[in-house]
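See below for the structure under consideration.
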Amino acid sequence: KQNVKDSFWKYLNITCVYGILKAIFPPILGQYLQKGWLYFHDRLYYISSTEKTWHESKEYCRQQGAELVIINNKEEQDFTRQFNRLTWIGLHDPAMTREWTWVNGDPLITRFYLFIPNGYENNTESCVEIRDFNWNDEPCGNQKFWICEKDGVF
Ligand SMILES: [Ca+2]
Ligand SMILES: [Ca+2]
1 KQNVKDSFWK
11 YLNITCVYGI
21 LKAIFPPILG
31 QYLQKGWLYF
41 HDRLYYISST
51 EKTWHESKEY
61 CRQQGAELVI
71 INNKEEQDFT
81 RQFNRLTWIG
91 LHDPAMTREW
101 TWVNGDPLIT
111 RFYLFIPNGY
121 ENNTESCVEI
131 RDFNWNDEPC
141 GNQKFWICEK
151 DGVF
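Below is the structure:
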């Protein structure tokens, strides 16, 4: 009985907090949506319509309070590959040691795409793009479309 009561209060609490946050944050959400960002699974994504180098793309996302997309699960994989463009993602090999790292510093552990880095020669391909259904390492200075991801409470 106590458990039921506890979980009721817990539920009410969460609902209230969520309601308050929702009242505060929709303007922010609205701003992003107005600028063409897409809302998917509690996150916002920006699919560029112009092309930049990997570093310029990363910088663009940071200026928007976001990051180059980090692909954490199958849903995000399917979502990000649907745009039929060569797009930079937030994965690179900063030390050129073939240790692939996400822009938030996490190492690459799970690959949701087929990823066979082939730019070993002079380590010239240190940044990663979505290409068709796969990931591909590419020279960071090439111009590509890109995807930013913004998390947060909306
Ligand atoms: Ca993500
Ligand atoms: Ca390659």
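Residue numbers (the UniProt record's numbering): 1 to 154.
Note that beta-carbon positions come from the ideal geometry of N, C-alpha and C, so glycine has one too.
Using DSSP with H/G/I as helix, E/B as strand and the rest coil, what is residue i?
| i | result |
| --- | --- |
| C140 | coil |
| Y113 | coil |
| V4 | helix |
| K52 | strand |
| L68 | strand |
| F79 | helix |
For residue i, write down the residues that DSSP places opposite it in a beta bridge.
| i | result |
| --- | --- |
| K150 | L44 |
| H92 | T101, C127 |
| L108 | Answer by DSSP bridge pairing: none, since L108 is not bridged. |
| W37 | According to DSSP, which records beta bridges pairwise, W37 is partnered with nothing at all. |
Given this structure, state the Cα-to-Cα distance separating residue i from residue j, to the nearest angstrom.
| i | j | result |
| --- | --- | --- |
| Y46 | G90 | 13 Å |
| W88 | L29 | 24 Å |
Query - Exercise answer, beta-carbon shell around ligand 1 heavy atoms below 7 Å - result: R43, V69, I70, I71, N72, E76, E149
Query raised in the report: Are three or more beta carbon pairs between the stretch 25-43 and the stretch 111-131 nearer than 8 Å?
Result: no
Requested in this report: Collect the residues with a C-beta less than 7 Å away from any heavy atom of ligand 2 and give them in sequence order along the chain.
Outcome: P117, N118, G119, E125, N136, D137, E138
Requested in this report: Report yes or no: do three or more beta-carbon pairs, one from the stretch 50-57 and one from the stretch 74-82, lie closer than 8 Å?
Outcome: no
Query raised in the report: Any contact of the stretch 61-72 with the stretch 91-111, i.e. 3+ C-beta pairs under 8 Å?
Result: yes
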